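In order, the protein sequence lines correspond to chains A and B.
Start counting the first sequence at 209; every next residue gets the next number (this note's numbering).
Start counting the second sequence at 2; every next residue gets the next number (this note's numbering).
In what follows, a structure is listed as structure tokens, so that the remarks can point back to it.
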Amino acid sequence: MKIALSKENILGLIALALFVVMTIIAPGFLSAENINNMMFQLPEFGLLALGMMVVIITGGIDLSITYTAALSGVSIAMMQSHGYPMMISILVGILIGLACGFMNGFIVTRIGVSPILVTLGTMILFEGVILSITKGNSISGFSDWYNLIGNGYYLGLIPLSMIIFIFFAVVTSVLLGKTYWGRCVYMIGSNSVASLFSGINTSRVILKVYLYASFLAAISAIIMTSRYNTAKVDLGSSYLLQSVAAAVLGGTEIQGGYGKVVGTVYAVMIFQILSNGLNLLEVPRTIVNVIMGAILIAVLVINFAKTKLGNKDRMQVTS
Amino acid sequence: MKSIMKKEASIAVIIIILSIVLSFINPVFLTIDNILDILKGNVVLGILAMGMTLVIITGGIDVSVAAVTTAVCVVIGKLLVMVPDHIGALFLLLVIACLLGIILGGINGFLVSKIEIPAIVVTLGTMSMINGIVLYVTNGQYLNSTDFPKVFLKFSNIKILGVSILIWLFFLIAILTWFLLKHTVMGREILAIGGNKESALRVGINFNKVQIFVFAYMGFLAGIAAIAQISYTKAVDPNGLSGLELSVIAAVVLGGTNIMGGRGTVIGTILGVLLLGIIQNGLILARIDIFWQKVVVGLIILLAVSYDHIQYKRAQAQLSRIEIDS
């Protein structure tokens, strides 16, 4: 009974309920084609949200995450259109993403500036770098194999990108839950001074957090560029605030210290089901944004009410 | 106290160095016309930054400012086409703009204080809602000044002592905010909460009231900024302000306000706004390729915050050394 009431399970139920509701009211929601569509759209956003979640657990935030993705996407596109082999260009793209993450992590940990400021600065910086490389144009010219990553199927059934997403969701979950690094991430999020005094090398852990987030951003960039077949400066930039919203909706504490992969995945699913279903119902795109915002706030109000009630119960028990 | 002034001094030094470099690169920079242009172009940013300073001092943040300002702009734009060409109508519009802003800001404040949702999440939510409604209502369409009453256009062209009324408006808001922060009970409570929430509560400060006030004040300024924006651009563009919230936050924080709360001054924020404005203007005057401008802006923000923080750390280290010595 207790398990059924956890934050994540409530979100799961909401996602399920939304799915059922959409199946009933939206025409063609359950068609194979539409389910496929959703499966192709989910991974890129999901990976960014996971990266954002890991950063938020430490009490930070990464506003540069989408431009990190765009920068590595653009560099992959540049390499490929100049005839470099696919594997090398992907490798370089990931390395460039990691370099962005290292820059964030270095300034946050070694100089000690607060994350929101650092990533605000690097966000503008990366955007500028992409603009000056691409001159605002979009770049295309990928190899056929590369296009398979975002558009291909595994065993002719499950999208390849979905498998990549599931893989990284599991990896993130294991890293956070089962490794020394993961425990440190949570501890730093709940009290960084105490973790430092208990012998954790906080700056190294946080540096790795930013590296990991940028790594996920780079993977997301690969899927995005491959699916759209182009790369340009605003690649995925609409996901920035959405990924913060997804992480928070998924139960991650914005001050740090708590957050689960399952919750974020459920939140991403809720966003995906909603935007897809409302699209099918021919609700204008702008109203979809309104509904997303309303749901974000509504869920938090419900959470608040629930903890208030829980506290009242507990107080009655103790008295 | 000294360290606070030092913060402002270091920003002032950066501004002065930048100005000297820029006036060597292009002598136009140091002309009065150009400086007035910089000020006029950053009035909206400056007004919003004043409110944001208070919000950030209490430890909150408001990313919905640009959305609220746009919403007020759109409503006022719709009304402007309808109102008669009379000075009283102008006054009425100003009141409506402020009230609308206060209501929208008050909603943020209510959610942050009473429901205890973190400020960044609340304002993210309201931002996406307001933006959605604005785009739905306007269809993203641009509203031109041709239908605006003449009295409004006249108002926006008024100059006092050769300085545009918009710049005077900004200084008025700055003085009001300074007075509020320095010389009223509410201002002292804002600083106290940012400094140490626990002890502020123990002293008997009504935390919820202060938070709602701060967000409502932010909304009030967003209403005024909306009027300034329409007067400046002489048009209503539902997409014109997107992304401004980040510039506002950047200006406030460059101005020495601590993002964690507790520290911040009006003078510092004015300097932060000036710094951003000068960078933007200087890059154009220095004929730097438009594509590289963002790189330079990003680098300057990173350098400024890093320099500032290193300076702060050095001061702290010196402080502890003195303690050990004595």
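Just so it is clear, CB atoms sit at the ideal spot from N, CA and C, and this is done for glycine as well.
All of these numbers come straight from a predicted model, not from anything done at the bench.
Check                                                                                                                                                                           : Outcome
Quick one: does residue 325 of chain A have its CB under 8 Å from some CB of chain B?                                                                                           : yes
DSSP on residue 468 of chain A, reduced to helix/strand/coil?                                                                                                                   : coil
Relative to the C-alpha of residue 62 of chain B, which residue among B:275, B:254, B:186 is closest?                                                                           : B:254
Quick one: give me the first and last residue of the alpha helix (DSSP H) that residue 215 of chain A is part of.                                                               : 215–233
Report yes if the CB atom of residue 220 of chain B is closer than 8 Å to the CB atom of residue 103 of chain B, and no otherwise.                                              : yes
In this structure, does DSSP put residue 406 of chain A in helix, strand or coil?                                                                                               : coil
Counting along the chain, where does the alpha helix (DSSP H) carrying residue 264 of chain A start and finish?                                                                 : 240–265
For residue 210 of chain A and residue 485 of chain A, I'd like the C-alpha separation in whole angstroms.                                                                      : Model confidence at residue 210 of chain A stands at a pLDDT of 48, short of 50, so the residue's coordinates are unreliable and nothing is read from them.
To be precise: take each residue of the stretch 295–326 of chain A, compare its Cβ to all Cβ atoms of chain B, and keep it if any distance is under 8 Å. Which residues remain? : 315, 319, 320, 321, 322, 324, 325, 326
Quick one: which chain A residues come within Cβ less than 7 Å of residue 240 of chain B?                                                                                       : None at all; the shortest Cβ gap to chain A is about 12 Å.
Is the CB-CB distance between residue 494 of chain A and residue 133 of chain B below 8 Å?                                                                                      : yes
Span of the alpha helix (DSSP H) holding residue 210 of chain B?                                                                                                                : 208–234
Does any residue of chain A bring its CB to less than 8 Å from the CB of residue 112 of chain B?                                                                                : yes
Please name the residue or residues paired with residue 366 of chain A in a DSSP beta bridge.                                                                                   : A:362
In chain A, what lies closer than 8 Å to residue 117 of chain B by C-beta?                                                                                                      : 512
Starting from residue 278 of chain A, trace the alpha helix (DSSP H) both ways and give me its first and last residue.                                                          : 273–289
Hey, would you say residue 101 of chain B sits closer than 8 Å to residue 241 of chain B, going by beta carbons?                                                                : no
Give the residues from the stretch 225–251 of chain A that approach chain B closer than 9 Å (Cβ to any Cβ), ordered along the chain.                                            : none
When the Cα of residue 266 of chain A is compared with those of A:317, A:314, A:398, which residue comes out closest?                                                           : A:398
Under 8 Å between C-beta atoms, does residue 257 of chain A make it to chain B?                                                                                                 : no
Starting from the Cα of residue 174 of chain B, find the closest Cα among B:129, B:130, B:226 and give me that residue.                                                         : B:226
Could you list which residues in chain A have their beta carbon closer than 8 Å to that of residue 314 of chain B, in chain order?                                              : 320
Under the assumption that residue 418 of chain A contacts residue 465 of chain A (Cβ atoms under 8 Å), give the Cβ distance between them as a whole number of angstroms.        : About 18 Å separates the two Cβ atoms, so there is no contact after all.
Would you kindly report the start and end of the unbroken alpha helix (DSSP H) that includes residue 447 of chain A?                                                            : 447–457
Cβ closer than 8 Å: which chain B residues qualify as neighbours of residue 330 of chain A?                                                                                     : 299, 303
Hey, does residue 491 of chain A have any beta-carbon neighbour from chain B nearer than 8 Å?                                                                                   : no
Report the residues of the stretch 277–292 of chain B with a CB closer than 9 Å to any CB of chain A, ordered along the chain.                                                  : 290, 291, 292
Ordered along the chain, which non-local residues of its own chain (more than five positions away) have a Cβ less than 6 Å from that of residue 369 of chain A?                 : 251, 358, 431
What does the alpha-carbon distance come out to for the pair residue 407 of chain A and residue 309 of chain A?                                                                 : 24 Å
Can you give me, in chain order, the residues of the stretch 465–486 of chain A that have a beta carbon less than 9 Å from any beta carbon in chain B?                          : none
So if DSSP puts residue 237 of chain B in a beta bridge, which residue, or which two residues, is it bridged to?                                                                : B:144
Got a sec? Which residues, its chain only, sit under 6 Å from residue 516 of chain A by beta carbon, not counting five neighbours each side?                                    : none
Run through chain B and tell me which residues come within less than 8 Å of residue 462 of chain A, C-beta to C-beta.                                                           : 119, 121, 122
Using C-beta distances below 6 Å, list every residue in its chain close to residue 469 of chain A, excluding the 5 sequence neighbours before and after it, in chain order.     : 377, 380, 381
For residue 203 of chain B, report the span of its alpha helix (DSSP H) as first-last.                                                                                          : 198–204
From the DSSP output, in three-state form, read off residue 440 of chain A for me.                                                                                              : coil
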